[in-house]
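Asker:
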Amino acid sequence: MNDNQTEKKNRRLLRGAAWIMMPLMMLAAILLASLQTGASSHREAPLISKDPYADNTDTYVWVPSGQTKNIVLAASWIPFEGPEGGPNYFEWDDRVLYDIHVDHDGDAVADVTYTLSSRTEVQNPDTFLYNTGPITTLNDADWNRRQYISVTETWAQGAQPKNTPRVNRLVRDELTAPVNIGSKSTPKYANLANAAEFSMRASNGDRVKVFGGQTDDAFWVDLQVFDLLTLRGQPAPIGYSTGNNDPVDSVSGFNVHSLIVEVPIARLTRGDTVLGVWAGARRATMPVLNSAEVDPESTDYVQVSRLGMPLVNEVVLPMGLKDTFNSIPPSADLTVYEALQESVEDPEVGNLLCALYGVPLPGDANNDCATEYTAGTPRTGRGDIFDIFLTGMVLADEFTIQTRNGPTTLPAGFNVNRPANVVPAEMIRINTAIKGNLCPRVPSRLGVLGGDACGFPNGRRPMDDTVEIELLAVAGAAYSVLDGRDTDFTFNPDLISVLDDGIDANDVPFQTAFPYFAMAQSGQEHVHQNPGDANSNMAPVGLVNPTRSDSSAGGPGSPVAVDGGALSGLPTSVLSAALLTVVAVALFKAVQLRRQVA
């Protein structure tokens, strides 16, 4: 056989190997994606929990302390990013669009959307390394797997400011920061993170700041709360009577990917000072393995995740509604409210607090641990919860807040954060007129419930303790000032020290200037611990009634059983190992052929 014939034969063999490898690699990508598991606190719904790269973790909107002219919009995705998660470190998904939506007229439709898209570029595909040496600048040749981001500002027709196009390219295909690996790979990570902050002038002169990359997870929670509302650190029955009862921040030491935008308030508001904000993720409808094939301008996307108010989809909505909620816009909430009503106006968390711990509920005329409501008629049950989550708050009774100049009593009828022409829909709402001197000198982590009108649920700051605020709200802490129709109900203030998970702050300090979130934690330095106070420091229990009838009403809906077929009985680790073995063997054969050709 002559050299030409040998070369042709080898080429045929290589082509054959390539055709074999293509379906194997596609199968590997598809199966490995489907077998991914996570330990996230932000696993709001069954479907999105299996798609962590499109999973919203939290949404924030606040006026920064000391400022009166700017507002910050922030959202995070990709829960439980272990900083040491190499060699394939966490990154934006090039097949996903990450959105922050703003409604400025209360109609539950976005008037402006900030969207992040990404593009990944590998410098040297012949190494498994994320970086081949220390990364000292964003364009360092040692950074092998680079990621570029684009951020657009898209206005609804006619909603944009004067002298502003409908679509603005705020960031155009710029390098974002790498992940924070450790002192060898990212020795001066703060410099890299700072270099990935973008500041630009919009066409009308507005100054806009943007960051899109890895940050510390700004949320904190002890996830054992999902063990039948256990609050570690409290004596039993609210805490544990045996085993570990020390509170621990379950998301400490982990990172997320965040889009943070700071803009002038005047750029977003139109007469009404109240803004509605929610975030989401849209995934490309056509699965592709090569990110270079994804064009955000021409690819079709479908919404797969949505998050406004914290913990709504995790603990307010029942299992049967979670995936549906993630797929619909806020403008559709009212059309499906008949299915949502029980979850909002007789929340299951309240049923559990009453049944397990004897916490009385407003509107529970039958003493059966359930608030009565009229099916099909909104706001006939828990009007306070309805207002907080769906319309914004107007005071039904006077309420005293702490301001920079001391306590101030707000009258009944005071509009905390309800748009003038509101369409009920779930999102975070913020009254941008409540700022400056209306904020206390020392902010309260309990937000409005702590007398701080500049905190959650009037917007949401990173420092707001949303877990405890929402537990107290469900227990009726805001009932008398937002609803009050059940005149026999009185909230017991002693519950403030009982409905406390012992985790009162983030595990690392927030930054005082843009981008505000703490810098991404290092794979070298992180520790997954943020313990709360010792048990001896917790308030004693004895303030709730020990006997109440069992709850008769949990949320509607139930988990749906899915038949996974023959593979469902095998552990994912076995399937992954088997698949990787097949791929490894095929790769080995391909390398042998390549060497023969060479």
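Offset between the sequence shown (1-based) and my numbering: plus 3.
We put the CB at the ideal spot given by N, CA and C, even for glycine.
In the DSSP assignment, what residue or residues form a beta bridge with W65?
Answerer: The partner list for W65 (beta bridge, DSSP) reads V75.
Asker: Could you tell me how far apart the beta carbons of V511 and A521 are, in whole angstroms, since I believe they sit closer than 8 Å?
Answerer: Indeed they touch by this definition, with Cβ atoms about 5 Å apart.
Asker: Using DSSP's beta-bridge definition, name the partner residues of G215.
Answerer: BP columns for G215 point to L262.
Asker: Can you give me the C-alpha to C-alpha distance between G416 and I404, rounded to a whole angstrom?
Answerer: Roughly 15 Å separates the two Cα atoms.
Asker: Compute the Euclidean distance between the alpha carbons of G505 and P518, then round it to the nearest angstrom.
Answerer: Cα to Cα, the separation comes out at about 27 Å.
Asker: Work out the CA separation of L393 and K187 for me, nearest whole Å.
Answerer: Roughly 49 Å separates the two Cα atoms.
Asker: Considering only residues of the same chain and omitting the five flanking positions on each side of T302, which have a CB-CB separation below 6 Å?
Answerer: Correct list, in chain order: A287.
Asker: Which value, in whole angstroms, describes the spacing of the CA atoms of A556 and S261?
Answerer: Confidence in A556 is poor, its pLDDT being 35 and thus under 50, which makes the residue's placement too unreliable to answer from.
Asker: Between I331 and V75, how many whole angstroms is the CB-CB distance? I'm expecting something under 8 Å.
Answerer: With 8 Å as the limit, I331 and V75 do not qualify as a contact, their Cβ atoms being about 26 Å apart.
Asker: Write down every uninterrupted run of the beta strand (DSSP E) in the segment 448-473 whose length is 3 residues or greater and which is fully enclosed by it, in chain order.
Answerer: Listed in chain order, there is nothing to give.
Asker: Nearest-angstrom Cα distance between S308 and A57?
Answerer: Using only the alpha carbons, I get a separation of about 7 Å.
Asker: Are the beta-carbon atoms belonging to V277 and V319 less than 8 Å from one another?
Answerer: No. Outside cutoff.
Asker: So for P267, helix, strand or coil by DSSP?
Answerer: Of the three classes helix, strand and coil, the one that applies to P267 here is strand, per DSSP.
Asker: Check whether the Cβ atoms of I138 and L173 sit closer than 8 Å, and answer yes or no.
Answerer: No, the Cβ-Cβ distance between I138 and L173 is not below 8 Å.
Asker: Taking the C-alpha atoms as reference points, what is the distance between L502 and A481?
Answerer: Those two C-alpha atoms are separated by around 15 Å.
Asker: Would F257 and E375 be called neighbours here (beta carbons separated by less than 8 Å)?
Answerer: No, these two residues do not count as a Cβ contact at 8 Å.
Asker: Hey, would you say T60 sits closer than 8 Å to T116, going by beta carbons?
Answerer: No. Outside cutoff.
Asker: May I have the straight-line CA-CA distance separating A476 from S206, to the nearest angstrom?
Answerer: Rounded to whole angstroms, A476 to S206 spans 43 Å at the Cα level.
Asker: In whole angstroms, what is the alpha-carbon distance linking A373 and C357?
Answerer: Cα to Cα, A373 sits roughly 8 Å from C357.
Asker: Grouping DSSP H, G and I as helix and E and B as strand, with all else coil, what is D176?
Answerer: Note: D176 maps to strand in three-state DSSP.
Asker: I'd like to know whether the C-beta atoms of A193 and L141 end up nearer to each other than 8 Å.
Answerer: No, the Cβ-Cβ distance between A193 and L141 is not below 8 Å.
Asker: Candidates P90, L355, P427, G323: which alpha carbon is nearest T338's?
Answerer: Checking every option, the nearest Cα to that of T338 belongs to P427.
Asker: From D6 to D129, what does the alpha carbon distance come to, in whole angstroms?
Answerer: Summary for D6: the model assigns pLDDT 49, below 50, so the residue's position carries little reliability; its value from the coordinates is reported in the next sentence. Computed Cα separation, rounded: 28 Å.
Asker: Evaluate S255 with the Cβ neighbour count: other Cβ atoms within 10 Å of its Cβ, from every protein chain shown; 16 or more gives buried, anything less gives exposed.
Answerer: That one is buried.
Asker: Answer yes or no: do G215 and V154 have a C-beta to C-beta separation smaller than 8 Å?
Answerer: Their beta carbons are under 8 Å apart, which means G215 touches V154 by this criterion.
Asker: Taking the beta strand (DSSP E) that F389 falls in, what are its first and last residues?
Answerer: Per DSSP, F389 belongs to no beta strand (DSSP E); it is in the alpha helix (DSSP H), 386-389.
Asker: CA-CA distance, P313 and A478?
Answerer: Each residue's alpha carbon lies about 17 Å from the other.
Asker: Can you pull the DSSP bridge partners for M312?
Answerer: Answer is none; M312 lacks a bridge partner.
Asker: Measure the C-alpha to C-alpha separation of G88 and W95 and round it to an integer number of angstroms.
Answerer: Whole-angstrom Cα-Cα distance: 14 Å.
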